[in-house]
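Our numbering applies: residue 1498 is where the sequence shown begins, and numbers increase by one.
By construction, the Cβ of each residue, glycine as well, lies at the ideal position given by its N, Cα and C atoms.
Model, not experiment: these values are computed from the prediction.
Take a look at the structure below.
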Amino acid sequence: GRNWEGFSPDPYLTGVAMEETIRGIQENGVQACAKHWVAYEQETQRNPTSFNGTISGAILQESVSSNLDDRTMHELYMWPFADA
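Right, here's the structure in full:
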C-alpha cells in the first residue's frame, strides 16, 4: 500500500530494491521489515485543517477503503513484500 511512497511505481523494481535494502540492513545486524503494510491506504488525521485552510483543533476522519481484488493484490501490492 502507499506504493507512491516507495522506490518505484513498478512492483517488480520495488521488489528488487526492497529485497536488497532489507538484506543490506540485516547483514549489518539490524532487524528490518518492509512498510507500509500491504494495501495500507489509511490516511486519517494526517493534516487536519478547517474549511478555510487553516489548522484547527477539529479531528477529521478521512479514511479510504482498501478493497482489492485478488489479482491486483498479488500483482501490484504483495510482490514487493514477498521479495523483501
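Buried or exposed (CB count within 10 angstroms, at least 16 for buried), residue i
i       : result
Thr1569 : exposed
Gly1503 : buried
Neighbour flag for residue i against chain D, beta carbons, 8 Å
i       : result
Pro1506 : The structure shown contains no chain D; it holds only a single protein chain.
Cβ separation of residue i and residue j, assumed to be a contact under 8 Å, to the nearest whole Å
i       : j       : result
Val1535 : Met1575 : 6 Å
Leu1573 : Pro1508 : 5 Å
Contact check, residue i vs residue j, beta carbons under 8 Å
i       : j       : result
Ala1529 : Pro1577 : no
Glu1622 : Ala1581 : Here the chain comprises residues numbered 1498 to 1581, so residue 1622 is not present and cannot be evaluated.
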